[in-house]
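K.L.:
Structure provided below as structure tokens; questions to follow.
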Amino acid sequence: MIKDALKDLLKKSMEIPYDDISVYPTVNIAKNAIVKYCGEQGLDYKFLDSKEEGNIIVQIDGTIYEIYRGVVGRGYYGIKCRVL
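Its first residue numbered 257, the sequence shown is counted upward by one per residue in my numbering.
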């Protein structure tokens, strides 16, 4: 159990910037931010799964990420990508 928790902590992740971090990132806000980020960075992307209530699954440059949308600090929201 501890081994699994440690394994989760060591997974690679990155944050996707978006315009207004005081507003919760809906699915549309998150997808638009991912499209913009990938375009600016020259990365290929493909959305694999998205549920309005759940997290988004996206493939960026061949790596599959789960997109977490929520509170990432005191008083602000964020979009984080974590390798699956």
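Idealized CB from N, CA, C, for every residue including glycine. This structure is a prediction, so every number in the text was calculated from the model and none was measured.
Between I316 and Y301, what straight-line distance do the alpha-carbon atoms span, to the nearest angstrom?
P.N.:
For the purposes of this step, residue 316 is taken as the residue at position 60 of the sequence shown. For the purposes of this step, residue 301 is taken as the residue at position 45 of the sequence shown. Each residue's alpha carbon lies about 4 angstroms from the other.
K.L.:
Near L285, what residues of its chain come up, given a Cβ to Cβ distance below 7 angstroms and the 5 sequence neighbours on each side ignored?
P.N.:
Residue 285 sits at position 29 when you count from the first residue of the sequence shown. Residue identity check: residue 285 is Ile in the sequence provided, not Leu. Same-chain partners within the cutoff: Y274.
K.L.:
Given this structure, state the Cα-to-Cα distance separating S278 from G334, to the nearest angstrom.
P.N.:
The residue given as residue 278 occupies position 22 in the sequence shown. The residue given as residue 334 occupies position 78 in the sequence shown. Rounded to whole angstroms, S278 to G334 spans 9 angstroms at the Cα level.
K.L.:
For a cutoff of 9 angstroms on Cβ pairs, would you count Y324 as touching chain B?
P.N.:
Considering every chain present, this structure includes no chain B. It has just one protein chain.
K.L.:
How far does the beta strand (DSSP E) with I290 in it extend, from its first residue to its last?
P.N.:
Here the question's residue 290 lines up with position 34 in the sequence shown. Segment V283 to Q297 is the alpha helix (DSSP H) holding I290; no beta strand (DSSP E) there.
K.L.:
Roughly how many angstroms lie between the CA atoms of C337 and I320, to the nearest whole one?
P.N.:
Translated into positions along the sequence shown, residue 337 becomes position 81. Translated into positions along the sequence shown, residue 320 becomes position 64. Whole-angstrom Cα-Cα distance: 9 angstroms.
K.L.:
Let me confirm a value: Y280 is counted as buried when at least 16 other C-beta atoms fall within 10 Å, else exposed. Which label applies?
P.N.:
Translated into the one-based positions of the sequence shown, residue 280 becomes position 24. Its Cβ having fewer than 16 others within 10 Å, Y280 is exposed.
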